[in-house]
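Quick note on this note's numbering: the sequence shown kicks off at 507 and runs consecutively.
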Amino acid sequence: MELEISHLEATPCESIGVHHKLVMTMIDGKVCNAITQTNSSMRCYICNAKPTEMNDLKLVGTKHVNEEYYKFGLSSLHAWIRSFECFLHIAYNMDFKKWSASTPDLKMTRSIKKKQVQDNLRKELGLIVDIVKQGKGTTNDGNSARRFFADPVISARATGLDEEIIYRFAVILQAIASGERINSDKFGEYAKTTAEKYVTVYGW
Numbered sequence: 507m508e509l510e511i512s513h514l515e516a517t518p519c520e521s522i523g524v525h526h527k528l529v530m531t532m533i534d535g536k537v538c539n540a541i542t543q544t545n546s547s548m549r550c551y552i553c554n555a556k557p558t559e560m561n562d563l564k565l566v567g568t569k570h571v572n573e574e575y576y577k578f579g580l581s582s583l584h585a586w587i588r589s590f591e592c593f594l595h596i597a598y599n600m601d602f603k604k605w606s607a608s609t610p611d612l613k614m615t616r617s618i619k620k621k622q623v624q625d626n627l628r629k630e631l632g633l634i635v636d637i638v639k640q641g642k643g644t645t646n647d648g649n650s651a652r653r654f655f656a657d658p659v660i661s662a663r664a665t666g667l668d669e670e671i672i673y674r675f676a677v678i679l680q681a682i683a684s685g686e687r688i689n690s691d692k693f694g695e696y697a698k699t700t701a702e703k704y705v706t707v708y709g710w
């Protein structure tokens, strides 16, 4: 056998050339803002909408969309986390229905409500939310977000938020992260209806 092995001839192969193409689809919002020269992190880098405009769906629908920026992709992980934090923020402010607590009384009300929501989520879902981790941001991570959206009934009960809206967000997030081909027209219509329901209930 060793003799046969020693008589094996080399197998010639053609040279292979590898061309590299880098696509910036896994970048965060800060990098997107820098590349697109969006001055404020609060603005949408695709249509340049300001926070005060985003609940005005008619106005947003008239804004120019720079489709060139679509190439930067959409981080499904950040979509899960930011959607989760959006609902937490709404839940904390439900007692006075304003986007920010601008007075000492409102800040106290928010603090009490926040503790209540945190306790409810820990009891109902085992989630520890909005706790600062030294050098690592907060406990609001992708796993916590997915757990929250996995059970809209319990999440709605724990936060006092609208169950249907939580469910619809969950469907949208799952579609984004699925990696499957989806019907863009149906997805767009579903997302639009969800946005309309959202601003009707939480337009403040």
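Glycine included, each C-beta is placed from N, C-alpha and C at the ideal position. Nothing here was measured: the structure is a model prediction, and the numbers come from that model.
{"Query": "Identified DSSP bridge partners for V638", "Result": "T644"}
{"Query": "Alpha carbon of A656 to alpha carbon of A607, nearest angstrom", "Result": "29 Å"}
{"Query": "Local conformation of D625 per DSSP, three classes", "Result": "helix"}
{"Query": "Nearest-angstrom Cβ-Cβ length linking V635 and S617, presumed shorter than 8 Å", "Result": "That pair is no contact at about 15 Å."}
{"Query": "Ordered list of alpha helix (DSSP H) runs contained in the region 532 to 571, each at least 4 residues", "Result": "535 to 542, 563 to 568"}
{"Query": "Own chain partners of E591 with C-beta closer than 6 Å, once the 5 adjacent residues on each side are dropped", "Result": "N646"}
{"Query": "Three-state class that DSSP yields for F578 in the structure shown", "Result": "helix"}
{"Query": "Sub-9 Å separation of L679 and S582 beta-carbons", "Result": "yes"}
{"Query": "Uninterrupted alpha helix (DSSP H) stretches inside the region 642 to 702 (no shorter than 4 residues)", "Result": "648 to 656, 658 to 665, 669 to 683"}
{"Query": "For E510, the first and last residue of its enclosing alpha helix (DSSP H)", "Result": "508 to 512"}
{"Query": "Under 9 Å between C-beta atoms of V623 and T665", "Result": "yes"}
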